[in-house]
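Participant: Quick note on the working numbering: the sequence shown kicks off at 1 and runs consecutively.
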Amino acid sequence: MDLSEVIATRRSIRKFRAEDVADEDVKEVLEAARLAPSANNLQPWKFIVVRNEKKRRLIAQACFGQEFIGEAPVVIVACATGRGGCIGGYMESWPVDVAIAMTHLVLAAWAKGLGTCWIGAFDEDRIKEICQIPPEVRVVAVTPLGYPVKIPQATTRRPLEKIYCEDVFVE
């Protein structure tokens, strides 16, 4: 599958087969995340791979009861380990940097036939407690990882003409 096809066909998966994900496959998707660009090449990320069933289920509860997360054979917690640079003089780069790395991970997973679902709704303090994450480290996202039971239909996307303008901002 080429990159355009990976991007066009990727779906959020919420139902996973009970089949385990091989260590080498997990490492391949982590390698894609590792290669992501970041501000000043600071690479302010750490990914926690959670296979322990009890911890996966606790993480699902910390994601406001999204139980499907705990049913996946792997859960990945994406963390920001440093503050990074400054974007546009008004925001730190670490949330963007980790999001770019997560996007690489999600697309690499899909290319290997693995499903993910980007989770941004969670109790950060609870996730930190479950995964023993230091206070200065921030949790940016969570994703289950596993083989999809089925692939959902594509969701409606806004037309290209509605998401860009040339030279100046136009409503």
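Just so you know, even glycine gets a beta-carbon here, dropped at the ideal spot from N, CA and C.
Whose CA, out of 111, 72, 141, 165, lies closest to the CA of residue 2?
Facilitator: Residue numbering aside, residue 2 sits at position 2 when the sequence shown is read from its first letter. Per the Cα distances, 111.
Participant: Which one of 40, 45, 23, 7 has the shortest CA to CA distance from residue 33?
Facilitator: By one-based count along the sequence shown, residue 33 stands at place 33. Checked all of 40, 45, 23, 7; the closest Cα to residue 33 is 45.
Participant: Touch check for the stretch 21–35 and the stretch 53–68: three-plus C-beta pairs under 8 Å?
Facilitator: Flag = no, the stretch 21–35 and the stretch 53–68 do not touch.
Participant: Please report the residue range of the beta strand (DSSP E) in which residue 138 lies.
Facilitator: Position 138 of the sequence shown, counted from the first residue, corresponds to residue 138. That run of the beta strand (DSSP E) goes 138–146.
Participant: Measure the beta-carbon distance from residue 120 to residue 74 and round it to whole angstroms, keeping in mind my assumption that it falls under 8 Å.
Facilitator: For this step, residue 120 is matched to residue 120 along the sequence shown. For this step, residue 74 is matched to residue 74 along the sequence shown. Actually they are not in contact, since the Cβ atoms of residue 120 and residue 74 sit about 18 Å apart, beyond 8 Å.
Participant: For the alpha helix (DSSP H) that residue 27 lies in, which residues bound it at each end?
Facilitator: Here the question's residue 27 lines up with position 27 in the sequence shown. That run of the alpha helix (DSSP H) goes 23–34.
Participant: Taking 8 Å as the cut-off, decide whether the C-beta atoms of residue 154 and residue 104 are in contact.
Facilitator: Taking the first residue of the sequence shown as position 1, residue 154 is located at position 154. Taking the first residue of the sequence shown as position 1, residue 104 is located at position 104. No. Outside cutoff.
Participant: Evaluate residue 18 with the Cβ neighbour count: other Cβ atoms within 10 Å of its Cβ, from every protein chain shown; 16 or more gives buried, anything less gives exposed.
Facilitator: Residue 18 sits at position 18 when you count from the first residue of the sequence shown. So residue 18 ends up on the exposed side.
Participant: Using the C-alpha atoms, what's the distance from residue 107 back to residue 176?
Facilitator: Look at the range of the chain in this structure, 1 to 171, and you will see that residue 176 is not part of it.
Participant: Report the rounded CA-to-CA distance for residue 7 versus residue 156, giving the unit in angstroms.
Facilitator: As a position in the sequence shown, residue 7 is number 7, starting the count at 1. As a position in the sequence shown, residue 156 is number 156, starting the count at 1. Their backbone Cα atoms lie some 15 Å apart in a straight line.
Participant: Between the C-alpha atoms of residue 15 and residue 168, what's the straight-line distance to the nearest angstrom?
Facilitator: Here residue 15 refers to the residue found at position 15 of the sequence shown. Here residue 168 refers to the residue found at position 168 of the sequence shown. Answer to the nearest angstrom: the Cα atoms are 43 Å apart.
Participant: State the start and end residues of the unbroken alpha helix (DSSP H) segment that holds residue 55.
Facilitator: Walking along the sequence shown from the start, residue 55 turns up at place 55. Note, residue 55: alpha helix (DSSP H), 53–62.
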